[in-house]
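Numbering (this note's numbering), first residue to last: 26 to 381.
Note that beta-carbon positions come from the ideal geometry of N, C-alpha and C, so glycine has one too.
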Amino acid sequence: GADVDAAPPLGQPEPMTLAIDDEEVSKLSFAVVTNDNTPTNLERLVTLKNIFAKQLPKMPKEYIVRLVMDRRHFSLALLKGGWPIGGICYRPYMDQHFAEIAFCAITASEQVKGYGTKLMNHLKQHVKRQGITQFLTYADNYAIGYFKKQGFSKTLYMPRERWVGYIKDYDGGTLMECYVHPTIDYTAVPEAIKTQKAFVKARIKAVSQQHVVHDGLQLGGGVKLKNPVEEIPGILAGGWTAADFTGASARESDREWSSLYGQFRAIWKDVEKHDASWPFQEPVDTSEVEDYLTVIKDPIDLSKIKQRLDDKYYKSKDMLKADLIRMIENCKTYNGQRTVFYKEAERLGAYVERRL
Numbered sequence: 026g027a028d029v030d031a032a033p034p035l036g037q038p039e040p041m042t043l044a045i046d047d048e049e050v051s052k053l054s055f056a057v058v059t060n061d062n063t064p065t066n067l068e069r070l071v072t073l074k075n076i077f078a079k080q081l082p083k084m085p086k087e088y089i090v091r092l093v094m095d096r097r098h099f100s101l102a103l104l105k106g107g108w109p110i111g112g113i114c115y116r117p118y119m120d121q122h123f124a125e126i127a128f129c130a131i132t133a134s135e136q137v138k139g140y141g142t143k144l145m146n147h148l149k150q151h152v153k154r155q156g157i158t159q160f161l162t163y164a165d166n167y168a169i170g171y172f173k174k175q176g177f178s179k180t181l182y183m184p185r186e187r188w189v190g191y192i193k194d195y196d197g198g199t200l201m202e203c204y205v206h207p208t209i210d211y212t213a214v215p216e217a218i219k220t221q222k223a224f225v226k227a228r229i230k231a232v233s234q235q236h237v238v239h240d241g242l243q244l245g246g247g248v249k250l251k252n253p254v255e256e257i258p259g260i261l262a263g264g265w266t267a268a269d270f271t272g273a274s275a276r277e278s279d280r281e282w283s284s285l286y287g288q289f290r291a292i293w294k295d296v297e298k299h300d301a302s303w304p305f306q307e308p309v310d311t312s313e314v315e316d317y318l319t320v321i322k323d324p325i326d327l328s329k330i331k332q333r334l335d336d337k338y339y340k341s342k343d344m345l346k347a348d349l350i351r352m353i354e355n356c357k358t359y360n361g362q363r364t365v366f367y368k369e370a371e372r373l374g375a376y377v378e379r380r381l
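Following this line, the structure appears as structure tokens:
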């Protein structure tokens, strides 16, 4: 990672640590670049400009060029073999102690490797040495999810007088803020999370038996299982009892499920016939909406929920409600607030909350 005591000189690469193989790590570094008329930095800025233009097709190319080449703006470039594969363009307001992020993108061939998160962590580590305590950015619907994962919030805590008049207001964008904590080593965050996960797993292991693997029954040569179920290694240790496998228990379980299924199906029918449910009847056609799965990682619709009902997937109303809410939130995440889809999602969401 970078030296946390001093900011790196402009244009000088810094090594980085990523959760990928050593050969890839050896090719990666960071550099803060700006338009200082040096050939190396100009080449890097042109490359970053092209990446931003490619990955942000709705952004006017002239606007991207103007900001990337503006000497008041800086870009943190992620270099692979000395060549930019992504970056963040930002403008610091030193007297106001905040910076505005203009563009953030990774080239298509290098995405889904964790570079976006590492890039943001490295930028936080860099600007906090310069007295920057907040980031502001206008995020469109495609970027809100990414910025939330990086610690940005739609709730602004910075006093208005610190930023009003300094940054431009953008139609269709959501203003988001991130606090840069002065004592956090952001380049060490992934390692800290890894350590925390290991600690939690160790504590779980100390009080549970989930890590214990029992020997299975040795069957072969056409031998059929004749042992009582409770004699299978691990069954009793897992909390099962002989009663769980009796016919009476199975019939009782079927009756309970039939009762639950009737309730769940009634809820599903009420939601399905609601006049705001029309956008949710079938899966989104990704042949027409090509970027949908890029934005929405866990799609769901009413037809899939019905299939899950029939497959006895839902064990409680909370499980059914969670899928309905996820379906509605997916719609709101992908579509702008002014669209009919977003408005219908809000109507249906209010109904689901009342119904459940």
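Mind reading off the beta-carbon distance from residue i to residue j? Whole number of angstroms is fine, and I expect it under 8 angstroms.
| i | j | result |
| --- | --- | --- |
| isoleucine 126 | phenylalanine 160 | 6 angstroms |
| isoleucine 169 | leucine 144 | 18 angstroms between Cβ atoms; not a contact. |
| tyrosine 115 | alanine 102 | Going by Cβ atoms, the distance from tyrosine 115 to alanine 102 rounds to 12 angstroms, so no, they are not a contact pair. |
| isoleucine 131 | glycine 111 | 4 angstroms |
| alanine 301 | leucine 373 | 4 angstroms |
| leucine 381 | lysine 342 | 6 angstroms |
| threonine 142 | histidine 98 | Incorrect: roughly 22 angstroms between the Cβ atoms, too far for contact. |
| valine 205 | threonine 266 | So it is not a contact: roughly 55 angstroms between Cβ atoms. |
| proline 117 | valine 152 | 7 angstroms |
Whose C-alpha, out of the options, is nearest the C-alpha of residue i?
| i | options | result |
| --- | --- | --- |
| asparagine 62 | Pro304, Glu202, Met94 and Tyr211 | Met94 |
| glutamine 81 | Tyr211, Asp316 and Glu378 | Checking the sequence, you will find leucine at residue 81 rather than glutamine. The candidate whose alpha carbon is nearest that of leucine 81 is Asp316. |
| alanine 370 | Gly241, Glu297 and Val238 | Glu297 |
| threonine 212 | Leu261, Gln150 and Gly190 | Gln150 |
| lysine 105 | Phe55, Val137, Arg154 and Val152 | Phe55 |
| proline 304 | Trp265, Cys356, Lys222 and Met84 | Cys356 |
| valine 214 | Tyr195, Arg185 and Lys174 | Lys174 |
| glycine 241 | Arg228, Ser233, Glu255 and Val232 | Glu255 |
| asparagine 146 | Val225, Ala217 and Gln221 | Ala217 |
| glycine 264 | Leu92, Thr364 and Ser233 | Ser233 |
| arginine 379 | Gly107, Asp295 and Lys368 | Asp295 |
Given residue i, which residues of its chain have a CB within under 8 angstroms of its CB, disregarding the five upstream and five downstream residues?
| i | result |
| --- | --- |
| lysine 230 | His236 |
| glycine 156 | Met119 and His122 |
| arginine 333 | Tyr339 and Asp348 |
| threonine 358 | Asn166, Ile169, Gly170, Val320 and Ile321 |
| isoleucine 76 | Pro109, Ile110, Gly111, Gly112, Ala130, Ile131 and Thr132 |
| tyrosine 140 | Leu43, Leu103, Ile110, Gly111 and Ile131 |
| arginine 96 | Thr59, Asn60 and Asp61 |
Leaving out five residues before and five after residue i in sequence, what residues of the same chain have Cβ atoms less than 7 angstroms from its Cβ?
| i | result |
| --- | --- |
| valine 71 | none |
| tryptophan 293 | Ile330, Lys331 and Leu334 |
| glycine 176 | Cys203 |
| glycine 198 | Tyr163, Ala164 and Asp165 |
| isoleucine 192 | Glu125 and Leu161 |
| histidine 299 | Leu373 and Tyr376 |
| threonine 366 | Checking the sequence shown, residue 366 turns out to be phenylalanine, not threonine. Within the same chain, phenylalanine 366 has close Cβ partners Pro304, Cys356 and Asn360. |
| leucine 345 | Phe289, Ile292 and Tyr339 |
| lysine 179 | Thr199 and Met201 |
| phenylalanine 172 | Thr162, Ala164 and Met201 |
| methionine 183 | Phe123, Gln159 and Glu202 |
Who are the near neighbours of residue i in its chain, counting only those whose CB is closer than 6 angstroms to its CB and skipping five residues on each side?
| i | result |
| --- | --- |
| leucine 181 | Glu202 |
| glutamate 109 | Per the sequence presented here, residue 109 reads as proline, with glutamate not at that position. Closer than 6 angstroms at Cβ, skipping near neighbours: Arg69, Thr72, Leu73 and Ala102. |
| glycine 239 | What sits at residue 239 in the sequence shown is histidine, not glycine. The answer, listed in chain order, is Pro258 and Gly259. |
| serine 100 | Val58, Leu73, Gly112 and Cys114 |
| phenylalanine 128 | Phe77 and Cys114 |
Q. Would you say the segment 346-361 touches the segment 325-335, given that touching needs at least three Cβ pairs under 8 angstroms?
A. yes
Q. Which whole runs of the alpha helix (DSSP H) in the segment 106-168 are 4 residues long or more, in chain order?
A. You should have 140-153.
Q) Counting pairs of beta carbons, one from the segment 279-289 and one from the segment 304-314, are three or more of them closer than 8 angstroms? A) No: fewer than three Cβ pairs fall under 8 angstroms.
**Q.** Within the segment 169-196, ranges of the alpha helix (DSSP H) (whole runs, at least 4 residues)
**A.** Within the segment 169-196, the complete alpha helix (DSSP H) runs of at least 4 residues are 169-174 and 185-188.
Q. Which runs of the alpha helix (DSSP H), 4 residues or longer, sit entirely within the segment 201-243?
A. Scanning the segment 201-243 from its first residue to its last, the whole alpha helix (DSSP H) runs of 4-plus residues come out as 214-232.
Q) At what residue ranges does the segment 53-87 contain a whole run of the alpha helix (DSSP H), taking only runs of 4 or more? A) 64-80
Q.
At 4 residues or longer, what runs of the alpha helix (DSSP H) sit wholly inside the segment 343-381?
A. 365-380
Q | Complete runs of the beta strand (DSSP E) confined to the segment 290-329 [at least 3 residues] | A | none
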